[in-house]
Every structure is written in C-alpha cells, then in structure tokens.
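J.:
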Amino acid sequence: MYSSKALIFLLSSSLLSKTTYGEAFDQEQCLIAISEEALTTEGCSESSFLAALDAAALPACGSDPSLVVAALLATIPDKGSTFESKVCNPAKADVAKTDFYSINPEQSNSPSWYKSFFDGDTYLSEHVDDDAGLRVKREGYYISDFKTNAADKSLVGFPSDLANLESCTIESVMCCWVQDRQANDNNGGCADNTYAENCKNENPGDNTNLCYVDLGLATHSHNMNGGLALFDKKTPNGREGATHCHGFAWTADQNDDISRYRGNNLFFVTMFDHMYSRGYSKNIPGAPMCGCINQMPVVTRADCTQVNVAETFTYVVTNGVFSSEVTDSNVEFQACQATQNNDLKSDWKKVNPTRKTTMDQYLVGNNASCGAAIDRRLEGFYNIKRNVTSA
C-alpha cells in the first residue's frame with residue numbers, strides 16, 4: 013500500500029512525463045524555435061510531427077500539443093483545415109521531379125523515342141545479344157545509371173503526354189513481351205551460345221495466356237483501324253506463343269505515394285527489370301508493348317511490381333508561415349503484396365477497394381475465361397455469335 017507522499021510523487025512524475033517540452037506556450041518564440049530546430053520526420057503526419065516536437069523539447073512550445081498545432085496551421089492561408097492538407101500535401105506536390113525523358117542521354121527530351129520504345133521498337137528491342145553476351149547491357153548502360161542515380165532516390169515524372177499513357181481509365185499500366193534477346197540471366201529462352209541464332213526468336217518466360225487483341229484500342233501504335241485478333245481453342249490456329257505480361261497499379265488519390273511515384277515504377281518495370289535485366293522485348297502484333305491497361309490485349313493474368321517509398325520531411329517557419337518539404341527520398345521495388353502476391357489484378361483491387369469499375373474485363377483470370385471474354389466482345393460490339401461449342 014502506497015503512502016500519501018508516495019502517491020503525490022507518482023502523480024507528479026506522471027504529469028512531468030507529459031510536459032517534456034515546457035509548460036508555458038509562447039507562440040512567437042515557439043515558431044522561431046521550430047524554424048531554428050528544422051525538425052524532421054519519416055513520412056508526414058500530425059502525430060509524427062508532434063513526436064518530433066516532443067523529442068526536441070522546445071520550452072517555448074509549452075505542454076499542450078493542440079495549441080502548437082493550431083498556432084502553426086493558422087499561419088498557413090487556405091489549403092484546407094487538417095495538418096495533412098495544409099502541411100503534408102503541399103510538400104508532396106512541390107517535390108522536384110526527375111524528367112522521365114532524361115533516362116537516355118542520347119535521346120534527351122525526345123518523347124518520340126520513348127513512344128517508339130513503348131510500342132516495341134528502337135534498337136533496345138531489335139538488337140540481339142552478341143557472342144560476348146553483353147550487347148543489351150552495353151547499349152542500355154544508361155538504364156542502370158538512371159536507376160541508381162534517379163529512380164532509387166527521387167520522384168520520376170510519369171510521361172502522361174505519351175499516347176500510350178495519357179488515358180489510363182483504370183489506374184494501371186501493363187506490358188506484354190513476346191521475345192527474349194539476352195542470355196545468361198535465368199529468364200526466358202535465350203541461350204548462351206551462338207547468340208545471333210539462338211536468341212533471334214527466343215521466347216520470354218511464359219506467365220499468361222493471351223485471349224484477344226482489340227485492334228481499335230491503340231491505333232496510335234500501329235496502322236490498323238480496328239478488328240479483333242482471337243487466341244483461343246475455338247479459333248482455328250488461334251493459340252498464341254509464349255507471352256510475358258507485367259504491370260503495376262496506383263490509386264486515384266494523387267497524394268498517395270504509389271500514385272506520385274508511378275513514373276519510377278514505369279521505368280523499373282519497362283526498362284530496368286524487363287529490358288535491361290531480362291532482355292525481354294517486342295510487342296504483341298496490333299498492340300503496344302506497354303500502355304494503359306485499357307489499351308492492352310486481354311490476357312488471363314499479369315505479374316506486378318509495387319513501390320515502397322520512404323520520404324524525409326523537414327519542417328520550417330519561413331516569413332512567419334509554417335511549412336514542410338521533402339528533403340530525402342528512398343524508393344524500393346518489390347513484387348506486389350496482396351491477397352495473391354505478384355498478381356496485378358489482386359494488387360489493383362487492394363489499392364482501389366471502393367472502385368466500382370473492375371479489372372476483370374482486362375485480366376480474365378484463367379484459360380477457360382478466355383473464350384467467354386471473346387464471346388462477350390464479339391456479341392456485344394460486333395453482334396457475332398460463334399457456333400463452335402468446344403472449349
């Protein structure tokens with residue numbers, strides 16, 4: 013049983029533990045102290061800022077966090093009412109972007125070259141590994157440099173002005189490759205001897221089944237105005253060769269890290285992970301090699317990459333106005349973690365849980381669903397009903 017003196021001591025200790033940065037709040041001196049201290053947090057939120065403020069133990073900021081936050085937010089005109097809207101989101105919007113078109117120094121600020129690459133052209137897609145087995149690495153040397161110097165530690169802009177990427181009605185990009193041009197990487201069928209012969213028409217690692225290509229979805233990538241190319245057992249000679257599809261998803265919230273850093277993911281999936289690391293190239297005829305998923309062929313499934321972003325925010329008071337800025341970024345790439353890992357449809361559903369639209373019309377799920385997807389397209393858009401009943 014505690015004595016009355018012991019109880020007084022315990023209560024006093026408890027109160028002191030909640031007043032680690034002073035008792036009296038002096039607004040003017042608190043703002044000056046915060047500006048001089050240059051507080052930093054990993055990520056931006058009211059709770060993380062208050063934790064940093066508490067750790068800094070600034071006497072002028074008093075013991076009531078609500079007074080501090082109210083005073084700081086009052087210095088910021090407009091921009092909403094919450095800490096996130098007034099402090100975090102403006103900092104995220106003001107992050108300096110690395111230009112996507114700076115990846116290839118030989119094609120600096122040349123959108124047409126990148127358009128050709130996403131369509132499945134350029135020397136990166138055409139050239140086969142030579143007898144040294146390093147041609148892809150030599151010609152794409154800048155891809156590795158860009159990953160190390162930009163994609164891993166800065167925000168890369170998303171080139172939405174390219175026709176392949178300007179109308180993503182579903183928040184997703186997908187690529188589909190049909191050839192492997194690089195040996196000795198444990199991916200695809202390109203062998204390590206007589207490269208020019210064994211790699212010229214080799215297949216990528218097959219991870220999906222192609223259902224159909226709607227030739228009218230991406231006419232900017234080819235010279236056909238419309239029609240369907242069908243690939244299922246109901247279609248004579250309709251079975252496709254090896255195809256590898258891979259993509260990524262983001263959300264409609266432009267302040268979400270996976271949306272902001274989707275340019276990084278675009279670079280990683282298209283250029284680093286598949287072109288540079290695996291040597292995968294060339295598009296399915298009648299479709300882009302990479303594009304918004306609503307421009308791409310209908311397939312059963314696709315692999316998926318997610319970005320994991322860690323940003324350091326620094327808080328300052330400039331001319332009496334409280335603000336924050338992103339002073340450091342670290343970006344990591346990994347297979348998507350969702351109900352079904354490394355699966356694009358599963359990841360899109362995870363990051364867009366309230367969306368009424370669906371990925372099912374683009375990623376149909378299994379081989380048996382290909383025929384049904386084709387029938388729906390033929391009947392719904394062309395009023396054609398196939399009479400063949402075999403699966």
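Counting the sequence shown from 1 gives a position; the numbering used here is that position plus 12.
Cβ atoms here follow ideal geometry from the backbone N, Cα and C, with glycine treated the same way.
Quick caveat: nothing in here was measured; it's all calculated off a predicted structure.
Since residue 275 is in the alpha helix (DSSP H), which residue starts that stretch and which ends it?
T.: Element bounds for residue 275: 274-279.
J.: Mind checking residue 120: buried by the 16 CB within 10 Å criterion, or exposed?
T.: Its Cβ having fewer than 16 others within 10 Å, residue 120 is exposed.
J.: Taking just the CA atoms, how far does residue 156 sit from residue 194?
T.: Answer to the nearest angstrom: the Cα atoms are 15 Å apart.
J.: Under the rule that 16 or more other beta-carbon atoms within 10 Å means buried, what is residue 300, buried or exposed?
T.: Counting Cβ neighbours within 10 Å, residue 300 comes out buried, since at least 16 surround it.
J.: Sort 295, 281, 202, 88 by Cα distance to residue 189 and report the nearest one.
T.: If we check each option's Cα against that of residue 189, 295 comes out closest.
J.: At which residue ranges does the segment 131-172 contain complete alpha helix (DSSP H) runs of 4 or more residues, listed in the order of the chain?
T.: Taking only runs of at least 4 residues, the alpha helix (DSSP H) segments lying wholly in the segment 131-172 are 135-138, 147-151, 153-158.
J.: Under a three-way DSSP split, which group does residue 56 fall into?
T.: Correct three-state label for residue 56: coil.
J.: Are the beta-carbon atoms of residue 302 and residue 61 separated by less than 8 Å?
T.: No, the Cβ-Cβ distance between residue 302 and residue 61 is not below 8 Å.
J.: What do you get for residue 278, buried or exposed, if any count of 16 or more other CB atoms within 10 angstroms of its CB means buried?
T.: Buried, since its Cβ has 16 or more Cβ neighbours within 10 Å.
J.: Considering only the alpha carbon of each residue, which of 105, 228, 220 lies closest to residue 169?
T.: Comparing Cα-Cα distances from residue 169 to each of 105, 228, 220, the minimum goes to 105.
J.: Closest to residue 122 by CA distance: which of 171, 282, 96 is it?
T.: The candidate whose alpha carbon is nearest that of residue 122 is 171.
J.: Quick one: what does DSSP say residue 202 is sitting in, helix, strand or coil?
T.: Three-state result, residue 202: coil.
J.: By DSSP, does residue 301 sit in helix, in strand, or in coil?
T.: Looking at residue 301 - three-state DSSP - the assignment turns out to be coil, as it is neither helix nor strand.
J.: From the DSSP output, in three-state form, read off residue 374 for me.
T.: Residue 374 falls in the coil class under three-state DSSP.
J.: Count the CB pairs spanning the segment 85-105 and the segment 144-153 that are closer than 8 Å, and state whether there are at least three.
T.: These segments do not touch.
J.: Can you give me the Cβ contacts of residue 77 inside the same chain, cut-off strictly under 7 Å, excluding the 5 residues immediately before and after it?
T.: Answer for residue 77: 62, listed in chain order.
J.: Leaving out the 5 sequence neighbours to the left and right, which residues in its chain are closer than 6 Å to residue 137 when beta-carbon positions are compared?
T.: Answer for residue 137: 293, 294, listed in chain order.
J.: Less than 8 Å between the beta carbons of residue 222 and residue 255, yes or no?
T.: Their beta carbons are under 8 Å apart, which means residue 222 touches residue 255 by this criterion.
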